[in-house]
Amino acid sequence: MKQQPDMEQQLWNYIDGNSSTDEKSSIERLLDSNLEWKNKYHELVQTNQLLKSTELEQPSLRFTKNVMDTIAKYQISPAAKNYINNRIIWGIGIFFIVMIIGFLIYGFGQMDWSSSEESKYKVDLPKVDFSQFFSNTWINVFMMINIVIGLALLDRILANKRKQFRQDKRMTHQ
């Protein structure tokens, strides 16, 4: 079986005239003596003549336009807004807001709220020890991630409102 592609390659080189003189003489001897080589040679010569005799079709000048028109007939996939559940997005947003509020409550709970005799409700911020709450690196990283995600959510909400405002504005002008 390994000899088949090699035989075919040698015959194609012989038909195309790309063989050396030694290869030509050995292939001619094989064509005279071996029936398999002779049949394969005639098959390849017929294929070669068929390829040379038929003209390749050229695509029409409107080929690209026709393809695009055909594609336009099919249903285009819906926008992400149609298949993303808004309840999930709101749930994620509410989760992060609750987490941030929880961290703030925890942080304020860790503060020393003892006040002096002069004023019962005044908090002197330089005396408040924030190191109890913000000393853990993982808490800081988690809070930063929550803040960034919360800001991204706020940006998305504001962008949607802006987009809706622009669409409403266009509709009133038309």
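So in this note's numbering, spot 55 of the sequence shown is number 53, and the numbers just go up one at a time.
C-beta: ideal position from N, C-alpha, C; glycine also.
No experiment lies behind these values; they were computed from the predicted model shown.
Straight-line Cα distance separating residue j from residue i
{"i": "Gln7", "j": "Glu21", "result": "12 Å"}
{"i": "Ile86", "j": "Leu151", "result": "13 Å"}
{"i": "Leu156", "j": "Leu149", "result": "10 Å"}
{"i": "Met(-1)", "j": "Glu55", "result": "Low confidence applies here, because Met(-1) scores a pLDDT of 41, under 50, leaving its location unreliable; read the following figure in that light. Near 35 Å, if we compare the C-alpha coordinates of Glu55 and Met(-1)."}
{"i": "Ile92", "j": "Asn144", "result": "11 Å"}
{"i": "Lys38", "j": "Gln47", "result": "14 Å"}
{"i": "Phe12", "j": "Glu53", "result": "Checking the sequence, you will find Tyr at residue 12 rather than Phe. Their Cα atoms are separated by approximately 23 Å."}
{"i": "Glu26", "j": "Thr45", "result": "19 Å"}
{"i": "Ile95", "j": "Phe163", "result": "26 Å"}
{"i": "Trp35", "j": "Asp67", "result": "50 Å"}
{"i": "Phe106", "j": "Asn83", "result": "35 Å"}
{"i": "Ile98", "j": "Met142", "result": "10 Å"}
{"i": "Phe168", "j": "Ala70", "result": "Per the sequence presented here, residue 168 reads as Arg, with Phe not at that position. Arg168 and Ala70: Cα-Cα distance of roughly 26 Å."}
{"i": "Lys159", "j": "Phe140", "result": "29 Å"}
{"i": "Pro57", "j": "Gln73", "result": "26 Å"}
{"i": "Ser101", "j": "Asp153", "result": "Looking at the sequence shown, residue 101 is not Ser but Phe. Their Cα atoms are separated by approximately 22 Å."}
{"i": "Asp4", "j": "Leu28", "result": "13 Å"}
{"i": "Ile90", "j": "Ser133", "result": "27 Å"}
DSSP-derived helix/strand/coil call for residue i
{"i": "Arg60", "result": "coil"}
{"i": "Gly148", "result": "helix"}
{"i": "Asn84", "result": "helix"}
{"i": "Tyr72", "result": "coil"}
{"i": "Gly15", "result": "coil"}
{"i": "Met109", "result": "coil"}
{"i": "Asn158", "result": "helix"}
{"i": "Asn46", "result": "helix"}
{"i": "Asn138", "result": "helix"}
For residue i, the first and last residue of its enclosing alpha helix (DSSP H)
{"i": "Leu54", "result": "Premise fails: Leu54 is in no alpha helix (DSSP H) and is neither H nor E."}
{"i": "Ala24", "result": "Residue identity check: residue 24 is Ser in the sequence provided, not Ala. Ser24 -> alpha helix (DSSP H) spans 19 to 31."}
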